[in-house]
Amino acid sequence: MEFNTRKKGEGLASKSPLEPLVEPGETNTFICYRGSSLVFNQNIHFISIIVFLLILILLIILILLHLILILIVFTITIAIIILFPFIMFSYTASVGIQKCGRRAYGA
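Following the numbering used here, the numbering of the sequence shown begins with 1 at its first residue and continues without gaps.
1) For F89, is the classification buried or exposed, using 16 other Cβ atoms within 10 angstroms of its Cβ as the cut-off for buried?
2) Give me, in chain order, the residues of the same chain whose beta-carbon lies closer than 8 Å to that of I87; leave out the 5 immediate sequence neighbours on both sides.
3) From V73 to I50, what does the alpha carbon distance come to, in whole angstroms?
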């Protein structure tokens, strides 16, 4: 690959899109190829948007799962609290019927 042989102040036009835009004698830590840095930056931007959206979707899914879990636990707890007296009464009545007979419980 040949370096651009332009003189200083001639502009940034080069012969090839992959030709470096620095002089052969210049020392530059960031060698920029025409067109490549723009595409690279656009790819990074696109990938970062995709990663951000994936993280956002995963976060929403986790929040929904958390809410569903809380709802299930809350429902089971309320059901146990409400149904506990009926369960205990039916158990007591069945034991009483077995021991005392049906007339004691009106059955």
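Beta carbons are placed, not taken as given, at the ideal position from N, Cα and C, and that holds for glycine.
It should be emphasised that the depicted structure is a prediction, and the values quoted were computed from it without experimental measurement.
Taking the coordinates as given:
1) exposed
2) Nothing meets the Cβ criterion.
3) 35 Å
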